[in-house]
Amino acid sequence: MGLTETLRFALRGVTANKLRSALTMLGILIGVAAVILLVAVGNGSAKAISDRIEALGTNTLTVTSTSRGSGGLTLAAADALTDPVLAPDIVSVSPIASTATTITYAGTDYDINQFVGTQASWFTAANSPVRTGAAFTAEDDRQGRRVVVIGQTVAEELFAGEDPVGKQVTVGGALFTVTGVLAEKSSTGFQDANDTAVAPLNAVREVLTGYGPLGSILVAAADPSRVDAVESQISTVLDQRLPAATPGTAAYRIQNAAQLLETQTQTAATFTTLLGAVAAISLLVGGIGITNIMLVTVTERTREIGIRKALGARRRTVLTQFLTEATLLSVIGGALGVAAALIGARFSIVGVQPVIVPSSIALALGVSVAIGLFFGGLPAARAARLRPIDALRYE
Amino acid sequence: MTALGTHGRPVLDVRALTKVYGEGEAVVRALRGITLTVDTGDYVAIMGSSGSGKSTLMNILGCLDSPSDGHYLLDGVDVSRLSDRQLALVRNRLIGFVFQAFNLIPRTTALANVELPLAYAGVRPAQRRRRAMAALELVGLADRADHQPNQLSGGQQQRVAVARALVTEPALVLADEPTGNLDSRSTDDILTVFDQLNAAGRTIILITHEPEVGARARRLIRLFDGQVRSDTRQDTPAGPGLPGRHSAVPRSGGWA
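Sequence lines, in order, name chains A and B. Quick note, the first sequence lines up with residues 1049 to 1443 if you use the numbering used here. Quick note, the second sequence lines up with residues 135 to 390 if you use the numbering used here.
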């Protein structure tokens, strides 16, 4: 029998029970769409992370403490970095203490993710300019004034339709005056970069975090090419100030944007693999659905198989017919799944704009064809092996 | 048992055929040594009560089942030595099988049903269609070619099945109680088709337990307990359908 003949027979088999075929295809559709879409989401968030880190600037370094509790980064250590002799390539140093807290305005509470306490130099170093109003000044910090610059999301949540500048909000039982709103930033993965507020370090330590160790220190180098030099200069200064708790280890860690990018990308890749694996499981379940339905089909059509064999159908002909039928189910389901994924990728999912990986389409389609052949194989082989008399007698 | 016919070499030669089902206590001997030859162009009716082994014999003759012992030569070829693939070829080319339960493929038009054996034989679509239409015309159902089985009466379905059995021009047409599920009028239609086929030179073997059906064959074999009890030649086949017996091709719609 020719190819068109086989396809026609298979198509007739598939359309004979439309609802059942449609549901079986749905299983494959969901599996394929999930693989493509979730990989695209993982890929999209990795892309967003790298975009953001590149936007942060390649001339900054972040110093974090390796030890929890006592002996972390101190303000004195941060101040020591501002040293034109030992560290000539450092332009600015911004100590950071941040915490999650609740911010209240006119009876409205808002849980803020990152309430950052830092110094005035942070706005330039972190590449976070103020859009409306003004940033706080070094003087504000020295005086411990309670002023705050809020992110876009916070402004929208607390001041719907109002101009936040000049308003007073309550944070940790103290009143802070809003002096400005940050320019909007592109978001990274699941974390909203605009869900933030920045206040002078002294005020934040007094009201919220206390005078313990700093969370991190953001250091800006004079030039991206001087980043390596700055790194060694930081080490020179901090090694004196922050002796390691145990010999051979450092009490702090310095990361520059490139390293940050690398670790973040690795995390994103792990994340993508995980998502893909979960989606692959749903594809497998869809495949088992095909086996199930083909087994039912073969059982249901045992008599028909008997008739066909009595009319001279060869074993291979029967095998081909049922295999083609199963493959048709999976291929149509797979193609619809690709279409669904392409449509779904136009929308942002949990804050991430999915970026389709072309190879994932080829992979998902290939796997769906393989599933049709593999999972349809068992029922098809069973059908082909039937002796005509047994098939005909089957009730 | 020697060949009674004078129509040339035997198309079917069965020697000491036995068939045993089950094992031990539950053993059933369906056939206990059947020996029988049928010549080309003969018209044989096999009769017997239920349990006499006639259906078992028919399934073996149709290569749907295999005997436990004995030889079955079809057109001079020992069927037991054939591979699965060759058996499919034999069923396709040499045998046309008509079932009691019609056994048309559901949701498939009469024409497509008749075309099926040709499709398995690898005949090209255009030629297939032409031959299938000719076969349907022969059984008087050319005007029902596009109907699906559930749109046809029992008699019409069986005529489609007969058309399907003869479309490959097989050496042997086997019919297992072809009229068992039909009323007398449809029975007559089918038997008329068989008469005409036989007149055109086809070898026909049918199973029946209706004496008036058996009476139209040229040779009547009676089975009892898996053995041949009698084998008689009937010179003047009885029955009302004789006028059509020697006409070559019936007019379509003549018996609808």
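Glycine is no exception: its CB is placed at the ideal position from the N, C-alpha and C atoms.
Asked	Found
Distance, residue 1423 of chain A Cα to residue 1380 of chain A Cα	15 angstroms
Any C-beta of chain B under 7 angstroms from that of residue 1341 of chain A	no
Beta carbon proximity, residue 250 of chain B to chain A, threshold 7 angstroms	yes
Best match in B:356, B:332 and B:221 for proximity to residue 296 of chain B [C-alpha to C-alpha]	B:332
Segments assigned alpha helix (DSSP H), at least 4 residues, entirely inside the stretch 1094-1170 of chain A	1123-1129
Chain-order list of residues whose beta-carbon lies under 8 angstroms from that of residue 1383 of chain A (same chain, five-residue window excluded)	1413
Cutoff 6 angstroms; reference residue 1176 of chain A; Cβ partners in own chain excluding five residues on either side	1230
Chain C contacts from the stretch 1052-1082 of chain A (Cβ-Cβ distance under 8 angstroms)	No chain C appears in this structure, whose protein chains are A and B.
Residue 250 of chain B versus residue 259 of chain B - alpha carbon distance	11 angstroms
7 angstroms Cβ shell around residue 197 of chain B - same chain, five flanking residues per side excluded	213, 221, 224, 225 and 229
Spatial neighbours of residue 243 of chain B in its chain, beta-carbon cut-off 8 angstroms, leaving aside the 5 residues before and after	279, 280, 281 and 282
Between the CA atoms of residue 1061 of chain A and residue 1467 of chain A - distance to the nearest angstrom	What is shown of chain A runs 1049 to 1443, which leaves residue 1467 of chain A out entirely.
Assigned exposure category for residue 1107 of chain A - 16 Cβ within 10 Å defines buried	buried
Residue 392 of chain B burial status per 10 Å Cβ neighbour count (16 or more: buried)	With chain B covering only 135 through 390, there is no way to say anything about residue 392 of chain B.
Beta-carbon contacts of residue 1284 of chain A that lie in its chain and below 7 angstroms, excluding the five residues immediately before and after	1134
Bridge partner(s) assigned by DSSP for residue 153 of chain B	B:165
Assigned exposure category for residue 284 of chain B - 16 Cβ within 10 Å defines buried	exposed
Residue 1066 of chain A burial status per 10 Å Cβ neighbour count (16 or more: buried)	exposed
Neighbour flag for residue 1355 of chain A against chain B, beta carbons, 7 angstroms	yes
Test item: CB-CB of residue 1167 of chain A and residue 1137 of chain A under 7 angstroms	no
Spatial neighbours of residue 1432 of chain A in its chain, beta-carbon cut-off 6 angstroms, leaving aside the 5 residues before and after	1363, 1366 and 1367
Under 7 angstroms between C-beta atoms of residue 1075 of chain A and residue 1320 of chain A	no
Contacts that residue 1361 of chain A makes with chain B (C-beta to C-beta distance below 7 angstroms)	222 and 254
Residue 254 of chain B - DSSP class collapsed to helix/strand/coil	helix
Stretch pair the stretch 1393-1406 of chain A + the stretch 1083-1101 of chain A: three plus CB contacts closer than 8 angstroms	yes
Through-space distance from residue 1314 of chain A to residue 1047 of chain A, alpha-carbon basis	Because chain A here runs from 1049 to 1443, residue 1047 of chain A falls outside it and cannot be looked at.
Spatially closest choice to residue 206 of chain B from B:152, B:321, B:354 and B:319, by CA coordinates	B:152
CB contact below 7 angstroms: residue 1374 of chain A versus chain B	no
Spatially closest choice to residue 1328 of chain A from A:1085, A:1052, A:1291 and A:1426, by CA coordinates	A:1085
CB of residue 170 of chain B within 7 angstroms of CB of residue 154 of chain B, strictly	no
Rounded straight-line distance, which links the Cα of residue 1376 of chain A to that of residue 300 of chain B	33 angstroms
Reduced DSSP secondary structure (H/G/I, E/B, other) of residue 147 of chain B	strand
Residue 1247 of chain A, DSSP secondary structure in three states	strand
Length-filtered (4 minimum) alpha helix (DSSP H) runs lying within the stretch 203-242 of chain B	218-227
Alpha carbon of residue 1198 of chain A to alpha carbon of residue 1299 of chain A, nearest angstrom	32 angstroms
Contact with chain A by residue 198 of chain B, beta-carbon distance below 7 angstroms	yes
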